[in-house]
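Shown next, in structure tokens, is the structure this report addresses.
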Amino acid sequence: MSFRKTFFHDSELDRLESSLTELPPRCPPSGISILIVGAGPAGLFAALECWRKGHDVRVIERSSEPTTAGDHFSIAPQIARHINTRWPGLAQQNEAIADDPWLSIHRITGEVIKGPGPLSWKDEDDIGDYDPLLPTRFYRHHRAKFLRMLMVAVRGAGINITYGQRVVDYHEDAARQVAGVRLVDESGGGSVGATTMEADLVIAADGVGTKSHGAVNGHDIRAESSGYSLYRTCFPVERLAPYPELAHYMRPLDNGHSHVHVWAGLGVMGHATQGESWGAQVPVENVLQFVETMPDGGLPDLLKDLIRATPDDGIVDWKLMLRDPQPRVASESGRVVQVGDSAHTFLPSSGDGANQAMEDAISLASCLHVGGKSNIGWAVKIHNKLRFERVACAQIVGFLRFKQTMHPPDDKPSSLVSGPTSPSPSLTATTTTKPPIDLRSRLGRWQWAHDPEQYAYDQYGAVLRHLQMGTAFRNTNIPRGYEYRPWTFREVMDLVAQGKFLELGGDWS
Ligand SMILES: Cc1cc2nc3c(=O)[nH]c(=O)nc-3n(C[C@H](O)[C@H](O)[C@H](O)COP(=O)(O)OP(=O)(O)OC[C@H]3O[C@@H](n4cnc5c(N)ncnc54)[C@H](O)[C@@H]3O)c2cc1C
């Protein structure tokens, strides 16, 4: 059985598939018809939030069936809180399927640096302080199970999801006040662009390779390679049986928590750049050959056994793609709007791509609720204004954290703290001996204490006045005291390569 089929037949997926989700109350119908392209976290969560706000929703998805691809991501406190307080049925399932692992960190040589200890979103220094906004546990999710949970709720709400529909482009018609897509019906072998679909609003939730930039920005804006890629895999622990030492090592802790092991080595992540996407599989043998080329004799035997235990079609070589922050995520009339990875790219080290995708969904559905059918364009523009700076802040933190993951936690990252001040026009670098932002801590409070739904209701009027009459408006969902200035990934990469810390200003803790 192939790696992907293994997950497709996972009994927990089957259980989720046949479950029913208790749905929350729904707002009265808004009369707004919405077509969502993509059934990833952004698309499915947008479907649910738009349904809850009374909008009329359909979803189309390129894959022929619900995806089982991918490994894990974490759901941050603001999303867990939103689910717990607005979606009681989902909250129950979320509790049941999410993992709450403990973490150990090792040097590449095997020596334990710290752990095992609970995973937390808080700074390590004040981890013991009680904060009512923080959940008492961690939510680590298998992507396929999380998506299946959302999909079951979407179906339960009576929202139609049609698979095998690949969108080739987006358009809007300002005069008719509609937007639409051309698509290929891949289930029926249709020809390119033969079918069109229209709605009052089209939400592009089609991920990093979105086809919506033509409609939004007038030209394509491709995500570029960061120069890094990850080998990723995920497989049932039973496959470790032929390796007893490894199976013992990977067993759950005596307290019942599963155990995440991080092995950190300098520069290890800098070499693998082969694949293009989640479909880019790489043979186990190639990965074993690659690790032999790593510094200091490669990986310890235990980790090589882990690679050997991986199913033949089980390793994905995932290229890390970056697109500079795009201030504009909606078309001229606001009838096509991007959410999730189609609007902004995140590196896995951010721990925030899925969270920001779901924040987008919540914010957009709420703005449309306030604006109503006659103000779709304004509602979308207000959503855009509320989201852009916050997302750009989350992107830069995630990117810098990625750079820092190449330094094991107790090694002084001295190469990052010297050098002359940056010549960059939009970013300044520092020569202090301490990082201005402690990126080794978890998400900042400005990230996890946020309530995107409440924020949209609170700020809608102020942004509308700002856009229509030019009154002053400042977002408060970004680090306090930080003044957003445009930046590019290239600038940041160059500064970091020169061994500098960025001086961003404001409170990022
Ligand atoms: C297969 C896959 C596996 C992933 N696994 C992980 C993981 O293990 N860990 C992690 O942290 N992140 C993973 N990610 C990324 C992560 O899920 C996203 O970064 C994040 O959650 C944002 O979600 P999104 O819905 O915006 O985009 P995505 O998750 O990329 O979802 C986009 C959806 O749109 C569909 N789509 C794309 N193009 C078209 C088109 N032209 N027409 C119609 N539909 C289209 C895709 O099939 C997909 O279902 C994965 C992404 C994908 C696509």
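In short: position in the sequence shown from 1, add 2, done, that's our numbering.
Glycine included, C-beta positions come from ideal geometry on N, C-alpha and C.
Bear in mind the structure is a predicted one, so any value in this text is a computation, not a measurement.
Assigned secondary structure, residue i (DSSP; H/G/I helix, E/B strand, else coil)
{"i": "A177", "result": "coil"}
{"i": "E485", "result": "coil"}
{"i": "G119", "result": "strand"}
{"i": "Q397", "result": "helix"}
{"i": "L92", "result": "helix"}
{"i": "L504", "result": "strand"}
{"i": "I439", "result": "Note that I439 scores a pLDDT of 42, beneath 50, so its modelled location is shaky; the value from the coordinates is reported in the next line. Residue state, collapsed to three classes: coil."}
{"i": "I161", "result": "coil"}
{"i": "K306", "result": "helix"}
{"i": "D509", "result": "strand"}
{"i": "Y245", "result": "coil"}
{"i": "Y172", "result": "strand"}
{"i": "D101", "result": "strand"}
{"i": "N86", "result": "helix"}
{"i": "N477", "result": "coil"}
{"i": "K213", "result": "coil"}
{"i": "Y459", "result": "helix"}
{"i": "A311", "result": "coil"}
{"i": "S13", "result": "helix"}
{"i": "C52", "result": "helix"}
{"i": "H250", "result": "helix"}
{"i": "S260", "result": "coil"}
{"i": "H468", "result": "helix"}
{"i": "P454", "result": "helix"}
{"i": "S21", "result": "coil"}
{"i": "L135", "result": "coil"}
Selection from the options that minimises the alpha carbon distance to residue i
{"i": "G446", "options": "W53, T490, F491 and P79", "result": "P79"}
{"i": "S106", "options": "G373, E485 and H263", "result": "H263"}
{"i": "P68", "options": "S122, R492 and A41", "result": "A41"}
{"i": "V338", "options": "I77, V180, P350 and H259", "result": "V180"}
{"i": "D453", "options": "V382, T87, D171 and G33", "result": "T87"}
{"i": "C369", "options": "A464, V218 and A201", "result": "A464"}
{"i": "R178", "options": "L504, A345, E505 and G336", "result": "G336"}
{"i": "F75", "options": "D362, R234 and Q95", "result": "R234"}
{"i": "I223", "options": "T295, Y230, S231 and K213", "result": "K213"}
{"i": "S511", "options": "W123, F401 and V341", "result": "W123"}
{"i": "H173", "options": "S333, G353 and W380", "result": "S333"}
{"i": "S231", "options": "L349, E200, P327 and L152", "result": "L349"}
{"i": "A2", "options": "S344, R109 and L185", "result": "With the chain covering 3 to 511 only, the question about residue 2 has no answer from this structure."}
{"i": "I317", "options": "L37, A71 and V39", "result": "A71"}
{"i": "K383", "options": "M153, C395 and S365", "result": "S365"}
{"i": "N288", "options": "L304, E19 and D314", "result": "D314"}
{"i": "E97", "options": "L18, H468, D73 and V498", "result": "L18"}
{"i": "R142", "options": "R109, A100 and I38", "result": "A100"}
Cβ-based neighbour list, residue i, same chain, cut-off 7 Å, excluding 5 preceding and 5 following
{"i": "P427", "result": "Its pLDDT being 40, under 50, P427 is placed unreliably by the model, and the measurement read from it follows with that caveat. Result list for P427: empty, nothing under 7 Å."}
{"i": "E24", "result": "P90 and G91"}
{"i": "L242", "result": "L248, A249, M252 and A311"}
{"i": "I34", "result": "H57, D58, D202, L203, L370, K375 and I378"}
{"i": "P329", "result": "F390"}
{"i": "A363", "result": "A44, F47, A48, E51 and V341"}
Opposing strand residues paired with residue i [DSSP bridges]
{"i": "S76", "result": "R142"}
{"i": "W320", "result": "L232"}
{"i": "T198", "result": "R184"}
{"i": "D58", "result": "S35"}
{"i": "H108", "result": "V114 and W265"}
{"i": "L203", "result": "I36"}
{"i": "E226", "result": "L324"}
{"i": "A332", "result": "V339"}
{"i": "Q167", "result": "D187"}
Contact set for residue i: own chain, Cβ-Cβ below 6 Å, skip 5 residues either direction
{"i": "R139", "result": "D102"}
{"i": "N479", "result": "R392, H452 and Y457"}
{"i": "W448", "result": "P481"}
{"i": "C29", "result": "K55 and G56"}
{"i": "S228", "result": "L322 and L324"}
{"i": "P120", "result": "W104"}
{"i": "P302", "result": "G112"}
{"i": "V284", "result": "I317 and D319"}
Cβ of residue i within 7 Å of any chain C Cβ
{"i": "R224", "result": "In the structure shown, chain C does not exist; there is a single protein chain."}
Nonlocal neighbours in the same chain, by C-beta distance under 8 Å from residue i, ignoring five residues either side
{"i": "V494", "result": "I398, F401, L402, L429 and L504"}
{"i": "P137", "result": "P79, A82, R83 and N86"}
{"i": "Y459", "result": "S368 and V372"}
{"i": "N359", "result": "A small correction: the amino acid at residue 359 is Ala; Asn does not occupy that position in the sequence shown. Closer than 8 Å at the Cβ level, and outside the excluded window around A359, lie G42, P43, A44, F47, A207, V341, G342 and D343."}
Any non-hydrogen atom of ligand 3 closer than 6 Å to residue i Cβ
{"i": "K502", "result": "Among the ligands modelled here, namely ligand 1, ligand 3 does not occur."}
Quiz item: Could you give the uninterrupted runs of the beta strand (DSSP E) lying entirely in the stretch 279-303, keeping only those of 3 residues or more?
Solution: none
Practice problem: List in chain order: all unbroken beta strand (DSSP E) runs of 3+ residues lying wholly within the stretch 335-372. | Solution: 338-340
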